[in-house]
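In mature numbering (1 follows the signal peptide of the UniProt record, and there is no 0), the protein residues as written are -28 to -1, 1 to 140.
Below: the structure, in structure tokens.
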Amino acid sequence: MPCFKKIKTSVVVLSLMFVLSPAHSVSAGLLDAKALPLEMAQKAANSALKQCETDGYKVSVAVVDSGGNLKVVVKADGAGPHTTDSSIRKAYTANSLKRSTQELAEMIAKVPALHSLGKMNDNILMLGGGLPVIVEKHLVGGIGVGGAPGAHLDEACAKKGLESIGAE
């Protein structure tokens, strides 16, 4: 009987060691995702806004995280009320579809069958001025600019925002 007790004790001890060991961790199945810090989002938005102001445009700039959640929105004095919504939707679209909204708009113009992409949900806006935020090859969000007199001008300001944080 003492031999059985030793075996039982050994099994219990080994089981506890396995369960409590760092190698057997509940977090082992979690993803190691990169996130866009608020400070970087603010810097990108403010740099884009400053570029557009320098160019003479009154715009709004929005930055979303990789989940499409709004991180930052800044609006120039005198920018129209529509610019806030369009900048948010452009940032969301660029992040969600992982490409420039100008590129998406051109793609839809060339292939009308893709028009339904713009109707996937109410947050999608197929109008230039939105870019995905890619840092170290990781998609971490989107930036959108609305209010310049042309989508290519919105996009140029958004690019300046990305450059300010070392993003693609």
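Cβ atoms here follow ideal geometry from the backbone N, Cα and C, with glycine treated the same way.
Counterpart residues of residue i in DSSP-defined beta bridges
i: Lys47; result: Ser32
i: Ile115; result: Val35 and Leu103
i: His110; result: Val107
i: Leu76; result: In DSSP, Leu76 forms no bridge with anything.
Nonlocal neighbours in the same chain, by C-beta distance under 8 Å from residue i, ignoring five residues either side
i: Gly40; result: Tyr64, Asn67, Ser68, Asn95 and Gly114
i: Gly52; result: Lys30 and Gly119
i: Leu10; result: Lys43 and Val44
Neighbourhood of residue i by C-beta, 7 Å cutoff - its chain only, sequence neighbours within 5 removed
i: Gln14; result: Val44
Reduced DSSP category for residue i - H, G, I as helix; E, B as strand; rest coil
i: Asp57; result: helix
i: Leu134; result: helix
C-beta contact flag for residue i and residue j at 9 Å
i: Ser58; j: Ser32; result: yes
i: Val107; j: Gly133; result: no
i: Gly90; j: Val35; result: no
i: Ala77; j: Met98; result: yes
Contact set for residue i: own chain, Cβ-Cβ below 6 Å, skip 5 residues either direction
i: His110; result: Lys6
Q. Are the region 85 to 105 and the region 113 to 132 touching by the rule of at least three beta carbon pairs closer than 8 Å?
A. By the Cβ rule, the region 85 to 105 counts as touching the region 113 to 132, because three or more pairs are nearer than 8 Å.
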